[in-house]
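Q: To start, I am sharing the structure in question, which I have written as structure tokens.
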Amino acid sequence: MIENFKEILLKVEDGAGDDFSGIGVVLYSDMKGIPVFPLHNPNFESGDDDLVSTFVEISKVANPYHDGFHFISSSLKLTHTSQYFSPPIVSGVKVDRSRVVGGRYMAALFGSCIQSALLTGIVTKSNGVVIFKNGAEIFSKERK
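Residue numbers (my numbering): 1 to 144.
Now the structure itself:
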């Protein structure tokens, strides 16, 4: 599962153009207990199962769904887009202050401690691809 998630985020990073706004993604087992609020109504509907092209498209600055986090089920289906994701602050979590950290990074880090959040990940211009599990970075690759 980690390898599939990593492959998706690395391909999104490869497909990102100059108009890339960044992306936050949560791979989950159950949405219950995950603190989210939709930024748009209705939810973005993808016509295909190609997560990479969908994520590249909705991560463009001009796309109204670029903000917030996107959620994929454990079967790798996109279920929720553009969600305000507000996990609780977890004391004792180590933050790598050598890198640029912002709201997306911190939400993914803290959100990875939520029991039903299997993995969280971000792709940003400043940090590249970073994947979190249980309050720790388990993978990172700087952006090209």
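Backbone N, C-alpha and C fix where the C-beta goes; we use that ideal spot for every residue, glycine too.
Whose CA, out of Phe110, Phe85, Asp14, Gly102, lies closest to the CA of Val92?
A: In the sequence as displayed, the identity of residue 92 is Gly instead of Val. Measuring from the Cα of Gly92, the nearest candidate turns out to be Phe110.
Q: Do you know whose CA, among Ala107, Lys125, Val56, lies nearest Phe132's CA?
A: Looking at the Cα atoms, Ala107 is the closest of the given residues.
Q: In the structure shown, what three-state DSSP assignment does Ser116 receive?
A: Coil at Ser116, not helix or strand.
Q: Among Lys11, Ile8, Gly22, Glu7, which one has its Cα closest to the Cα of Ser82?
A: Checked all of Lys11, Ile8, Gly22, Glu7; the closest Cα to Ser82 is Gly22.
Q: Assign Tyr105 to one of three DSSP states: helix, strand, or coil.
A: Of the three classes helix, strand and coil, the one that applies to Tyr105 here is helix, per DSSP.
Q: Using only CA atoms, which one of Gly121, Pro87, Gly33 lies nearest to Ile2?
A: Minimum Cα distance to Ile2 is reached at Gly121.
Q: Please state whether DSSP places Glu137 in a helix, a strand or coil.
A: In this structure, Glu137 counts as strand in the three-state DSSP scheme.
Q: So if DSSP puts His70 in a beta bridge, which residue, or which two residues, is it bridged to?
A: Beta-bridge pairing links His70 to Val25.
Q: Between Cys145 and Val90, which are expected to be in contact by the criterion C-beta below 8 Å, what is the C-beta distance as a whole number of angstroms?
A: Given a span of 1 to 144 for the chain in the structure shown, any question on residue 145 remains unanswerable.
Q: Return the residue from the list Leu9, Ser73, Ser59 that minimises the CA-CA distance to Lys32.
A: When only C-alpha atoms are compared, the closest one is Ser73.
Q: Rounding to the nearest angstrom, what Cα-Cα distance links Val61 and Leu51 in this structure?
A: Their Cα atoms are separated by approximately 18 Å.
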